[in-house]
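See structure below.
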Ligand code: GAR
């Protein structure tokens, strides 16, 4: 499970959308909402959705970023989503979560970004300038306003009869699509401290492709980067496997890969279990088959220890089946021969 936090100052329709997108059955969980406005409507909405919400006054955001960081660390927050958050983020917070804070902005950045450009102001400016297209952008937050690397951007058409309000409604619709996408993309690129295998190996493993089949086609060379942590998530290369998957599948695959990459699957002994069931003693053979089947299922659920236990038990029951089978045959044969005479 990856915990994320949303920061919001206003209505919070994007915050609500993220909670609805993730908190019912995905591996991403909106675990916390922080706000800088005591009476922000988002507070009530988060309460209804059961998301813990804390109000920190503006002076805390400005002068005591450690209090904010402490609240985030305490809840193991990995990614932050600014969903209509209108307070300037202290650089200590930006630095502590470098590459992991996303902001949604209601224009096609870099156009109509920067100081004073937020919410309705943006839509008014776009209409007044006679633009024929606008849109929404999710970008990584840096210490410069609205200037970090773009993660996802989507356009909407501006029609001659559009008003700032109608444009805002259209932009909100695309925001509800792209913000969850950008969060998934970011979570999917959170890397473990060290990957002992190549990215393609990890993907192949996560997809359940056996080691001995040909790997995916080579990805063109990318500029070398010393460690995964030094890259922003969007500088990291995509494999062809990733391109075939939905963002949610990608996230699950990465988490599975990360869980499994240091372990190879223990032996299932399935063939031996079946052989023993047929040739030796049936009941312990069937028990061995059940344990054999559990090895791969537990392994791919990430329960490595469970898979190892199942493998050991399958082995034990194979031996039991063999021993009981041999003993019963050696006892039965003389009796059968004696009975025949
Ligand atoms: C959104 O449109 C978001 O893009 C914008 O505020 C609105 C919040 O709506 N953010 C900015 O302007 C940041 N510069 P919401 O409260 O209904 O999610």
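Residue numbers (the working numbering): 864 to 1204.
For every residue, glycine included, the Cβ atom is placed at its ideal position computed from N, Cα and C.
From a predicted model like this one, the values you see are computed outputs, not experimental measurements.
| Item | Value |
| --- | --- |
| Cβ contact check for the segment 1029 to 1038 and the segment 866 to 874: 3 or more pairs under 8 Å | no |
| For residue 970, the three-state DSSP class (helix, strand or coil) | coil |
| C-beta contact flag for residue 987 and residue 928 at 7 Å | no |
| beta-carbon residue 904 near the ligand GAR non-hydrogen atom, thresh 6 Å | no |
| Nearest-angstrom Cα separation, counted from residue 975 out to residue 1082 | Because the pLDDT at residue 1082 is just 41, under 50, the model does not fix this residue reliably, and the point stays unresolved. |
| The segment 913 to 929 contacting the segment 1010 to 1026, beta-carbon criterion three pairs below 8 Å | no |
| Any non-hydrogen atom of the ligand GAR within 6 Å of residue 875 CB | yes |
| Any non-hydrogen atom of the ligand GAR within 6 Å of residue 986 CB | no |
| Residue 1040, enclosing beta strand (DSSP E) - first and last residue | Taken as a continuous stretch (DSSP letters only), residue 1040 belongs to no beta strand (DSSP E), being part of the alpha helix (DSSP H) at 1027 to 1051. |
| Residue 996, enclosing alpha helix (DSSP H) - first and last residue | That residue, residue 996, is in no alpha helix (DSSP H); its beta strand (DSSP E) goes 996 to 1003. |
| Which listed residue (1129, 1144 and 869) has its alpha carbon closest to that of residue 1159 | 1129 |
| Host beta strand (DSSP E) of residue 1017 (start-end) | 1013 to 1020 |
| Residue 1134 - containing alpha helix (DSSP H), residue span | 1133 to 1142 |
| Collapsed DSSP secondary structure at residue 1177 in the structure displayed | helix |
| Coarse secondary structure for residue 866, derived from DSSP in three states | strand |
| Any non-hydrogen atom of the ligand GAR closer than 6 Å to residue 1002 Cβ | no |
| beta-carbon residue 982 near the ligand GAR non-hydrogen atom, thresh 6 Å | yes |
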